[in-house]
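Participant: Using the working numbering, you'd call the opening residue of the sequence shown number 8 and step up by one each time. The beta-carbon is built from N, C-alpha and C at its ideal position, and this holds for glycine as well.
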Amino acid sequence: MNLHLTNKVAIVLAASKGLGKAIATSLSAEGAKVIIGSRDGEELAKTAAEIQKLTGNEVVAIPVDVSSGYEIKNFIEQAAAKFGRIDILLNNAGGPPFNKFENFDDDAWQKAFELNLLSVARTSRLVLPHMQKTGSGRIINIISGSVKAVLASSVLSTSMRMGVVGMAKLMADEFGPYNITVNNVAPGMILTDRLKHTIPQGIDLEQALAEKAKNIPLGRIGKPEELAALVAFLASEQAAYISGTTIQVDGGANRSIF
Ligand SMILES: NC(=O)c1ccc[n+]([C@@H]2O[C@H](COP(=O)([O-])OP(=O)(O)OC[C@H]3O[C@@H](n4cnc5c(N)ncnc54)[C@H](OP(=O)(O)O)[C@@H]3O)[C@@H](O)[C@H]2O)c1
Numbered sequence: 008m009n010l011h012l013t014n015k016v017a018i019v020l021a022a023s024k025g026l027g028k029a030i031a032t033s034l035s036a037e038g039a040k041v042i043i044g045s046r047d048g049e050e051l052a053k054t055a056a057e058i059q060k061l062t063g064n065e066v067v068a069i070p071v072d073v074s075s076g077y078e079i080k081n082f083i084e085q086a087a088a089k090f091g092r093i094d095i096l097l098n099n100a101g102g103p104p105f106n107k108f109e110n111f112d113d114d115a116w117q118k119a120f121e122l123n124l125l126s127v128a129r130t131s132r133l134v135l136p137h138m139q140k141t142g143s144g145r146i147i148n149i150i151s152g153s154v155k156a157v158l159a160s161s162v163l164s165t166s167m168r169m170g171v172v173g174m175a176k177l178m179a180d181e182f183g184p185y186n187i188t189v190n191n192v193a194p195g196m197i198l199t200d201r202l203k204h205t206i207p208q209g210i211d212l213e214q215a216l217a218e219k220a221k222n223i224p225l226g227r228i229g230k231p232e233e234l235a236a237l238v239a240f241l242a243s244e245q246a247a248y249i250s251g252t253t254i255q256v257d258g259g260a261n262r263s264i265f
């Protein structure tokens with residue numbers, strides 16, 4: 008299937024590794040010009056060069072901390088100036104820490120709010136005028152399967168992701184008339200550094216992952232490129248009539264019907 012992404016301009020945040028990197032690779036392989044952002048400029052530049060070598064399409068690295076309103080503003084200004092348009096925005100960030108509700112103070116809540124909820128509002132607000140100008144756009148937010156079925160110790164993540172679900176619904180309503188779609192992708196367990204870091208030190212990684220996979224109908228942890236394939240589809244012309252949704256990529260792990 009040709010996803011018609013050639014010459015589209017895509018911003019992919021939190022993309023030096025993990026899900027963001029896989030998504031940037033997938034969009035670039037489909038022909039998009041991709042601008043990637045995350046904090047460590049050296050790692051980011053390496054990732055951009057690696058993807059560009061693989062796909063043959065231009066990948067631009069602009070360092071940014073998505074928790075900072077000032078840095079996001081600079082990032083979007085530079086990104087817009089680079090190719091003169093923005094067609095696709097992939098909102099992503101690092102995840103907040105896992106712990107029990109009683110262990111998080113105001114500071115932890117504030118940080119999670121800025122990283123995982125306010126960042127989505129800020130980037131979207133700055134990118135929307137560019138999409139309105141060209142008469143179409145795709146906003147895709149990476150959230151978490153915990154918005155469908157609670158996951159122990161994920162109170163910061165779940166609380167912020169639920170905010171993104173509400174925001175995306177309202178944005179889909181408000182920006183549909185401009186031919187802009189807004190959707191969320193909710194990962195289950197996908198093999199990235201973040202997942203590996205949830206395994207306590209001293210425990211065999213392979214064994215621990217195999218244990219986690221036992222409760223997944225497909226019997227395995229997901230691959231980043233499997234989630235990236237959905238994002239590339241949601242970014243495409245073919246997905247023009249899908250908006251306001253949250254789609255899980257979890258190997259069937261969430262058993263709830265609604
Ligand atoms: N993997 C899963 O199974 C899974 C499941 C549910 C939800 N998620 C969510 O999906 C998102 C991505 O997870 P992942 O597994 O890909 O994590 P990862 O492998 O740890 O990668 C995180 C990426 O985010 C960047 N990043 C972190 N903080 C940032 C910030 N403040 N500003 C800009 N970039 C930042 C990192 O680069 P720098 O450190 O250089 O900034 C890195 O490129 C997270 O929000 C996570 O909670 C993942």
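Going by the C-beta, is Gly44 closer than 7 Å to any heavy atom of ligand 1?
Facilitator: Start at 1 with the first residue of the sequence shown, and residue 44 comes out as number 37. Yes - ligand 1 has a heavy atom lying nearer than 7 Å to the Cβ of Gly44.
Participant: Are at least three pairs of beta-carbons, each pair with one atom in the segment 155-169 and one in the segment 218-225, less than 8 Å apart?
Facilitator: Verdict: no, contact absent.
Participant: For a test of your reading of the model: does the CB of Ser131 fall under 7 Å from any non-hydrogen atom of ligand 1? Yes or no.
Facilitator: For the purposes of this step, residue 131 is taken as residue 124 along the sequence shown, with counting starting at 1. It does not: the Cβ of Ser131 is nowhere closer than 7 Å to a heavy atom of ligand 1.
Participant: Please classify Gln214: is it buried, with 16 or more other beta-carbons within 10 angstroms of its beta-carbon, or exposed?
Facilitator: Taking the sequence shown and counting its residues from 1, the one referred to as residue 214 is at position 207. Exposed is the call here.
Participant: Check whether the Cβ atoms of Ile150 and Asn191 lie closer than 8 Å to each other.
Facilitator: Taking the sequence shown and counting its residues from 1, the one referred to as residue 150 is at position 143. Taking the sequence shown and counting its residues from 1, the one referred to as residue 191 is at position 184. Their beta carbons are under 8 Å apart, which means Ile150 touches Asn191 by this criterion.
Participant: Is it buried or exposed for Gln255, if we count other Cβ within 10 angstroms and need 16 for buried?
Facilitator: Taking the sequence shown and counting its residues from 1, the one referred to as residue 255 is at position 248. The residue in question, Gln255, is buried, as its Cβ has 16 or more Cβ neighbours within 10 Å.
Participant: Assuming Ser126 and Asn81 make a contact with CB atoms under 8 Å, what is their CB distance in whole Å?
Facilitator: To locate residue 126, count along the sequence shown from 1; it is residue 119. To locate residue 81, count along the sequence shown from 1; it is residue 74. That belief does not hold up - the Cβ atoms of Ser126 and Asn81 are roughly 14 Å apart, past 8 Å.
Participant: Closest by CA to Ala21, which one among Gly48, Ile187, Met8 and Asp257?
Facilitator: For the purposes of this step, residue 21 is identified with residue 14 of the sequence shown, where counting begins at 1. For the residues Gly48, Ile187, Met8 and Asp257, the minimum Cα distance to Ala21 belongs to Gly48.
Participant: Does DSSP classify Ala17 as helix, strand or coil?
Facilitator: Within the sequence shown, numbered from 1, the residue matching residue 17 stands at position 10. Here Ala17 sits in strand by DSSP.
Participant: Would you mind working out which of Thr199, Ile146 and Gly152 sits nearest Ala175, comparing C-alpha positions?
Facilitator: One-based indexing of the sequence shown puts residue 175 at position 168. It is Ile146.
Participant: Considering only the beta carbon of each residue, do Ala68 and Ala88 sit closer than 8 Å?
Facilitator: One-based indexing of the sequence shown puts residue 68 at position 61. One-based indexing of the sequence shown puts residue 88 at position 81. Not in contact: Ala68 and Ala88 (Cβ atoms no closer than 8 Å).
Participant: Nearest by alpha-carbon distance to Arg201: which of Gly102, Asn9, Leu12 and Thr141 is it?
Facilitator: Translated into the one-based positions of the sequence shown, residue 201 becomes position 194. Selected option, being the one with the closest Cα: Gly102.
Participant: If I follow the unbroken alpha helix (DSSP H) through Pro136, where does it start and stop?
Facilitator: The count along the sequence shown starts at 1 and reaches residue 136 at position 129. Residues Ser126 to Thr141.
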